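Peer 1: Quick note, the sequence shown lines up with residues 1 to 370 if you use UniProt numbering.
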Amino acid sequence: MEAEMTSKERFINALEGKDVDRVPYGYLWFGAGHAVLERMDTSLRDAYGSAEGIARAQILSREIYHHDNVMSPWGCLLVEAEALGTKVTIKENAYPAVEKYALKSAAEHELINPDNIEKSGRVKTIAGSVEILKKEIGAEAFIIGATMSPLMLASQVMGGSRLCIDMLKDRDVFHSLLEKLTESCILFSDSLLEAGADGIFVENGESTGDLFSPQMAEEFMLPYTKELYDHIKAEGGYVISHNCASHAFYDLEMKLEPHALNFAFGDVRLLGKKYGVECKNLHNHNNIGCGPRHCFKEFKEFSDAGICLMGNIIPDAPLTGSRAEIEHEVKSCLSAAPEKGFILATGCEIPLNTPLEKMEMLWDAVKAGI
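#1: With DSSP as the reference, label valine 23 as helix, strand or coil.
#2: Taking the DSSP output, what are the residues bridged to threonine 147?
#3: Specify whether the region 2 to 19 and the region 139 to 147 touch according to this definition: at least 3 beta carbon pairs, one from each stretch, less than 8 Å apart.
#4: Can you tell me where the alpha helix (DSSP H) with methionine 361 in it begins and where it stops?
#5: Might you give, ordered along the chain, the residues of its own chain that have their beta carbon closer than 6 Å to the beta carbon of alanine 55, omitting 5 neighbours on each side?
#6: With burial defined as no fewer than 16 other Cβ atoms inside 10 Å of the residue's Cβ, what is the status of glutamate 301: buried or exposed?
#7: Determine the direct distance from the alpha carbon of proline 73 to that of serine 50, and round the result to whole angstroms.
#8: Let me check one thing: in DSSP terms, what residues is cysteine 308 bridge-paired to?
#9: Where does the unbroken beta strand (DSSP E) through residue 375 begin, and where does it stop?
#10: Mind checking whether asparagine 93 and phenylalanine 11 have CB atoms under 8 Å apart?
#11: Within this structure, are the beta carbons of serine 149 and leucine 228 separated by less than 8 Å?
#12: Applying the 10 Å Cβ sphere with the 16-neighbour rule, what's the burial state of alanine 14?
#13: Are three or more beta carbon pairs between the region 303 to 316 and the region 333 to 348 nearer than 8 Å?
#14: Does the distance from the CB of asparagine 204 to the CB of asparagine 243 come in under 8 Å?
#15: My assumption, with CB atoms under 8 Å, is that leucine 362 sits in contact with isoleucine 326. Please give the rounded CB distance.
#16: What's the C-alpha gap between threonine 320 and proline 96?
#17: I'd like the list of long-range same chain contacts for lysine 255, defined as Cβ closer than 8 Å, with 5 residues on each side in sequence excluded.
#18: Considering only the alpha carbon of each residue, which of Met167, Glu253, Leu193 and Glu63 lies closest to serine 105?
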């Protein structure tokens, strides 16, 4: 496994469907972060509040886990919501949680001021971490900034239950809220790109049949998220669409036209019809995935359209799996993946408390496979 490319070159070539010297190995948020923080002799709370702390944690995680990218912010998904008025509880060694939503309903959408994104100290901290990463490893590693899709952000400023109610009973008002949230997402993405991010990783997990009908997702997710993706691309950034839902609307993901799709499951309905496979039941920490990786077959249209696939090791595999099971996960993904336009990664974030020795097993399997 003699490297001929830098991690950044390798990652970009995969996103563009070009030749790579080996399959890129992707890192999501702050996977297995406790082992990194332990080595830094700090807490998540302390690192969380410092641009330097975030950057150092990401650089160290890359050194010990060997990924081809870094990402900021981490698994904390509340940066934009906090800037827009949602109050969060900061924890010592766990991600922040919502303490109080900014809005009681979409009818209060006028309380949302997208300009607060640019004024937010937390946003400036995240942008500062990207600036440090760009300066120190920007020539070597691919730097990803992470943001919410507008519909995901809506659930963080008003809560999921209220969101569903307002979608049904007050559509026009909810659309007005989404317009403001789209502007907010764009401003946050701009801050990350201007700081030096090479691309934006967009959490779009609410585009799923677990929560909405296809018609609702097409009305309330598609136009706003498409506007965000198109803006990022126009600004020269790569777009990675993350949807780890078990009943994701992949036809709508295709319409969004990202550079890459990061996924955890295949199309459950199609897999059941074609192969008699229940993807969700197979892809869990008890079964450690399906050997044939039928889900990749259902994403051929993405590959044919030039959309890179990024996945889909079970996130819990390094935490709960044996060495043999971890090796099985990696081999299954690599054997089913397309020859070009593929990044090996987990389908979502590896749990924070995953031991270092398990991550070393994962890297051993990756090295053996690539």
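Every residue gets a Cβ at the ideal spot worked out from N, C-alpha and C, and that includes glycine.
This one's a predicted model, so the numbers in the text were calculated from it and none came from an experiment.
Peer 2: So, from the listed chains and residues:
#1: Here valine 23 sits in coil by DSSP.
#2: Val202
#3: yes
#4: Counted as a single uninterrupted DSSP element, the alpha helix (DSSP H) harbouring methionine 361 occupies residues 356 to 369.
#5: Ser129, Ile132 and Leu133
#6: exposed
#7: 11 Å
#8: Ala260
#9: Past the edges of the chain, shown from 1 to 370, lies residue 375, and the structure says nothing about it.
#10: no
#11: In this structure, leucine 228 lies closer than 8 Å to serine 149 by Cβ.
#12: buried
#13: yes
#14: At the C-beta level, asparagine 204 and asparagine 243 come within 8 Å of one another.
#15: 6 Å
#16: 24 Å
#17: Leu222 and Lys226
#18: Met167
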